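Structure first, then comments.
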Amino acid sequence: MKKVLFATTALVATAGVAAADVTFGGYGRFGIIYNDTAAGDSTDVTSRFRLQIDATAESDAGVTFGARARIQQNNTDNAGSPAGTGINGVRFFARSGGLEVGVGNIFGALEFMPGMYPIDLGLTGLGYDYTAYNFRGDAYSSGGSGAAGSNGVEVMYSAGDLSVHVSASDTSDRIAAHVAYTFSGWTVALGAQDSDNAADTEFAASVGGNIGPANVTLAYADNGTDGDHIVLAGRFDVGAATNVEVYVADADYGSDTGYGVDFNHDLGGGTSLRGGVAKRLNGDTRADLGVRFNF
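Take a look at the structure:
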């Protein structure tokens, strides 16, 4: 009888798994990172493993319900860099056609706005000075390993070339929105946010598209007490398997003009050799080199 009960339980469990759509993906990266600051310079080993879990189920009415969780491990010799392991806050959603409602550790209307992450510099991002909006005060990003993020709610809608995204969180009573429209290969986006945090982004705008062989983005944000931040970024191919990204940034809170350059060489099979160097807005210099593999 125990064997029969065990077999029956296994079949029911297997059927439940088969009825759901669960996918695993993510990436791993490892290499070296160099920092030159006013306090001195250091060269350290850096690595990250990120596993993303997406689970969905569809109702008889055709509505897709789902959740996304992220498990991440960071490891850097430099004690001042992010480190640790954990599962981040979960985002739940319901989607039908062009309408999607999300709750939990949501994307956020400004973070998800076109043009706010125009490139992905080097192996590690190298400080993200090419991000115009003030992500340092963002309510929704789950941040480092194991961060829960702030509970929020968002509504996303797209119809053809038009998309709208509205999000809200009790954290600092944030309410944000963006609207984006694509025409002739160019995407224009406008975003705004109301918040009790004086350092939060109040307004953002971006335009991006192709000029000859290059994909370029111009982005601007009014980041409250931190002032204006403007970025010009571009990406272009220099061979069948290699592309180069560049940016120049200026911000009221920065002591210097920021700029950077990187390369990304495709090794095939989801693997790539990446590296870059950036002169930070705060005057620091940062560089990295390493391998990334997607799965």
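Read left to right, the sequence shown gives residues -20 to -1, 1 to 275 (mature numbering (1 follows the signal peptide of the UniProt record, and there is no 0)).
Where a beta carbon is used, it is the ideal one built from N, C-alpha and C, also for glycine.
Just so we're clear, the structure is a prediction, and the values are computed from it rather than from any experiment.
Could you tell me the boundaries of the beta strand (DSSP E) in which residue i lies?
| i | result |
| --- | --- |
| Val211 | Asp208 to Asp217 |
| Tyr186 | Looking at the sequence shown, residue 186 is not Tyr but Ser. Where Ser186 is concerned, the enclosing beta strand (DSSP E) stretches over Phe183 to Ile191. |
| Gly240 | Gly238 to Gly248 |
| Asp45 | Going by the sequence as given, residue 45 is Phe instead of Asp. Segment Thr44 to Thr56, the beta strand (DSSP E) holding Phe45. |
| Val168 | Trp166 to Asp174 |
| Ser235 | Ser235 -> no beta strand (DSSP E), and no H or E assigned at all. |
| Ser143 | Leu142 to Ser149 |
| Phe87 | Taken as a continuous stretch (DSSP letters only), Phe87 belongs to no beta strand (DSSP E), as it is neither H nor E. |
| Val159 | Arg154 to Phe163 |
Answer yes or no: do residue i and residue j have a C-beta to C-beta separation smaller than 7 Å?
| i | j | result |
| --- | --- | --- |
| Val226 | Gly214 | yes |
| Asp242 | Ala221 | no |
| Thr181 | Pro98 | no |
| Asn54 | Arg28 | yes |
| Ala35 | Val2 | yes |
| Val271 | Ala112 | no |
| Ser186 | Ala199 | yes |
| Thr205 | Ala231 | no |
| Asp109 | Gly238 | yes |
| Val135 | Val146 | yes |
| Leu269 | Gly250 | no |
| Gly6 | Leu31 | yes |
| Thr17 | Asp264 | yes |
| Ala148 | Gln173 | no |
| Ala47 | Phe72 | yes |
| His158 | Ala89 | yes |
| Gly192 | Tyr233 | no |
| Asn190 | Asn223 | no |
| Ile33 | Asp24 | no |
| Gly11 | Leu103 | yes |
Quick one: using the 10 Å Cβ neighbour count with 16 as the cut-off for buried, is residue i buried or exposed?
| i | result |
| --- | --- |
| Gly107 | buried |
| Asp202 | buried |
| Ser175 | buried |
| Ser121 | Residue placement at Ser121 cannot be trusted, given a pLDDT of 46 that sits under 50; what the coordinates show is reported in the next sentence. When all chains shown are included, Ser121 counts as buried. |
| Phe4 | exposed |
| Phe275 | exposed |
| Gly188 | buried |
| Ser252 | buried |
| Gly240 | buried |
| Ala37 | exposed |
| Thr65 | exposed |
| Gly171 | buried |
| Ala184 | buried |
| Ala160 | buried |
What does DSSP give as the partner residue(s) for residue i in the beta ladder?
| i | result |
| --- | --- |
| Thr17 | Gly20 |
| Glu80 | Arg75 and Met136 |
| Ser252 | Asp246 and Arg272 |
| residue 306 | Because the chain in this structure spans residues -20 to 275, residue 306 falls outside the shown range and cannot be described. |
| Thr104 | In the DSSP output, where bridge partners are listed per residue, Thr104 has none listed. |
| Ala258 | Gly240 and Arg266 |
| Val25 | Ile12 |
| Phe115 | For Phe115, which the question treats as bridged, DSSP gives no partner whatsoever. |
| Asn223 | Asp217 and Asn244 |
| Ile99 | Answer is none; Ile99 lacks a bridge partner. |
| Phe4 | Ile33 |
| Val228 | Leu212 and Tyr239 |
| residue 289 | Here the chain has residues from -20 to 275 only, and residue 289 is not among them. |
| Tyr200 | Ala185 and Ile210 |
- Item | Stretch-stretch touch, CB-based, cutoff 8 Å, three pairs: the region 257 to 265 with the region 141 to 158 | no
- Item | Touching by the beta-carbon criterion (3+ pairs, under 8 Å), the region 35 to 54 and the region 87 to 99 | no
- Message: Pairs of beta-carbons, one from the region 72 to 82 and one from the region 162 to 180, closer than 8 Å: are there three or more?
- Response: no
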